[in-house]
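For the sequence shown, full-length UniProt numbering gives the first residue as 1, with consecutive numbering after it.
Just so it is clear, CB atoms sit at the ideal spot from N, CA and C, and this is done for glycine as well.
Right, one structure below, let's go through it.
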Amino acid sequence: MGVTTISKIVKEVCCEIWEKLREECIPQPTTQMWQRISAEFEMYANFPNCCGAIDGKHIRIVNPAGGGSMFYNYKHFYSIVLLAMCDANYCFTYVNIGSCGKNSDSTIFQNSVLFQQLERNNLRLPAPKYLQGSNIVAPHIIIGDGAFGISNYVMKPYLRNDMSHKQKIFNYRLSRARRYIECTFGILSNKFRVFHTPMNVSFSNAKTIVKACCVLHNFIRVRDGYNGNDLLSISGLIDMNLQPVSRTGNTLREVFADYFISPAGSVSWQDRQIF
Numbered sequence: 001m002g003v004t005t006i007s008k009i010v011k012e013v014c015c016e017i018w019e020k021l022r023e024e025c026i027p028q029p030t031t032q033m034w035q036r037i038s039a040e041f042e043m044y045a046n047f048p049n050c051c052g053a054i055d056g057k058h059i060r061i062v063n064p065a066g067g068g069s070m071f072y073n074y075k076h077f078y079s080i081v082l083l084a085m086c087d088a089n090y091c092f093t094y095v096n097i098g099s100c101g102k103n104s105d106s107t108i109f110q111n112s113v114l115f116q117q118l119e120r121n122n123l124r125l126p127a128p129k130y131l132q133g134s135n136i137v138a139p140h141i142i143i144g145d146g147a148f149g150i151s152n153y154v155m156k157p158y159l160r161n162d163m164s165h166k167q168k169i170f171n172y173r174l175s176r177a178r179r180y181i182e183c184t185f186g187i188l189s190n191k192f193r194v195f196h197t198p199m200n201v202s203f204s205n206a207k208t209i210v211k212a213c214c215v216l217h218n219f220i221r222v223r224d225g226y227n228g229n230d231l232l233s234i235s236g237l238i239d240m241n242l243q244p245v246s247r248t249g250n251t252l253r254e255v256f257a258d259y260f261i262s263p264a265g266s267v268s269w270q271d272r273q274i275f
């Protein structure tokens, strides 16, 4: 078969995979599903009230005709961006695919359906609840790195300059939970080798291929279950780009930071990880 025929078949198959599996494998979470996700982040990552970890992944592409510098990213290659959120089982709960590589994660997020749903309180997140073992009531949030702006529903790390003990502990605890999205991206790339080299396809086809891979990733995770070999190292602090802090988000971050150094919220090994 010719290249054109194969390209057409690949696109049609990927479109069909996405359409047939999207609602089953990446459904819009219900309140009950968010509660399960939150419970699993607390169980596995020791971060309470967390409904997901969010980050962006640059997908290498050959610069499309007429693309100019729109797809050239800060890492000095051409890409489209997969902005995604995951649960504590390394499954995607939200994907936004196809933004140009020059756009930052925070810009893509602020223009996403997920951001709009959070702003309008339409995501059906659970009601605020007590942090375990305390009388502190906190809302449910998602976590990201320093590239995301902080708010009453998105948590990010403290600046790394002259951090207090409490702030270092918070950054460590947040980094443990945030690594789940990094690990999810790693599993995706290892499973589908199309991500190992630049995609030499049209912009439209690249988006379609990534969408199919994301939904197949979840399908395989559910079918095959958890594999301990999928885990990345989840220790220590990581370098993070930073966005400005809002007063509401900063106050809420202090609530979590205070909880993480309290008898109710601390874990036995956290001090060893920050020195």
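Q) Quick one: is Phe195 buried, meaning 16 or more other Cβ sit within 10 Å of its Cβ, or exposed? A) Counting from 1 along the sequence shown, the entry for residue 195 is found at position 195. Under this definition Phe195 is a buried residue.
**Q.** Arg247, DSSP secondary structure in three states
**A.** By 1-based counting over the sequence shown, the position of residue 247 is 247. Confidence at Arg247 is low in this model, with a pLDDT of 49, below 50, so the placement of that residue should be treated as unreliable; the coordinate-derived value is given next. Helix, per DSSP.
Q) In its own chain, which residues sit with a C-beta less than 6 Å from the C-beta of Pro157, not counting the 5 before and 5 after it? A) Looking up residue 157 in the sequence shown gives position 157. Hits under 6 Å: Gly146, Asn171, Leu174 and Met240.
Q: Give the secondary structure of Met43 by DSSP, where H, G and I count as helix, E and B as strand, and everything else as coil.
A: Within the sequence shown, numbered from 1, the residue matching residue 43 stands at position 43. If DSSP states are grouped into helix, strand and coil, Met43 belongs with the helices.
Q | As assigned by DSSP and simplified to three states, the class of Ser266 | A | Stepping through the sequence shown from its first residue, residue 266 is reached at position 266. Coil, per DSSP.
Q: Give the secondary structure of Phe256 by DSSP, where H, G and I count as helix, E and B as strand, and everything else as coil.
A: Residue numbering aside, residue 256 sits at position 256 when the sequence shown is read from its first letter. Three-state result, Phe256: helix.
Q: With a 10 Å radius around its C-beta and 16 neighbouring C-beta atoms as the bar for buried, classify Ala127 as buried or exposed.
A: Mapped onto the sequence shown, residue 127 falls at position 127. Ala127 is classed as exposed because its beta carbon has fewer than 16 other beta carbons within 10 Å across all chains shown.
(Q) According to DSSP, is Leu83 part of a helix, a strand, or is it coil? (A) Reading the sequence shown from its first residue, position 83 is the one you call residue 83. If DSSP states are grouped into helix, strand and coil, Leu83 belongs with the strands.
Q: List the whole-angstrom C-beta distance separating Met85 from Ala53, where the pair is believed to meet the contact cut-off of C-beta under 8 Å.
A: Within the sequence shown, the letter at position 85 stands for residue 85. Within the sequence shown, the letter at position 53 stands for residue 53. Right, the Cβ-Cβ distance comes to about 7 Å (below 8 Å), so this counts as a contact.
Q) Can you tell me the Cα-Cα spacing of Ile136 and Gln116, whole angstroms? A) Walking along the sequence shown from the start, residue 136 turns up at place 136. Walking along the sequence shown from the start, residue 116 turns up at place 116. Taking the straight line joining both Cα atoms gives about 28 Å.
Q: Tell me where the beta strand (DSSP E) around Phe92 begins and ends.
A: Reading the sequence shown from its first residue, position 92 is the one you call residue 92. Its beta strand (DSSP E) spans residues Phe92 to Cys100.
Q: Taking the CB atoms as reference points, tell me whether Leu159 and Pro48 lie closer together than 8 Å.
A: Working through the sequence shown from its first residue, we reach residue 159 at position 159. Working through the sequence shown from its first residue, we reach residue 48 at position 48. Not in contact: Leu159 and Pro48 (Cβ atoms no closer than 8 Å).
Q. From Lys211 to Phe219, what does the alpha carbon distance come to, in whole angstroms?
A. The residue labelled residue 211 in the question sits at position 211 within the sequence shown. The residue labelled residue 219 in the question sits at position 219 within the sequence shown. Each residue's alpha carbon lies about 13 Å from the other.
Q) Exposed or buried, which one is Phe275 when buried takes at least 16 other CB atoms within 10 Å? A) For the purposes of this step, residue 275 is taken as the residue at position 275 of the sequence shown. Phe275 is exposed by the Cβ-count criterion.
Q | Which listed residue (Ala206, Leu114 and Leu188) has its alpha carbon closest to that of Lys8 | A | On the sequence shown, residue 8 is found 8 positions in, with the first residue counted as 1. Comparing Cα positions, the closest option is Ala206.
(Q) Measuring alpha carbon to alpha carbon, tell me which residue in Pro263, Leu21, Val113 and Tyr259 is nearest Arg223. (A) Here the question's residue 223 lines up with position 223 in the sequence shown. Ranking the options by Cα distance to Arg223, first place goes to Leu21.
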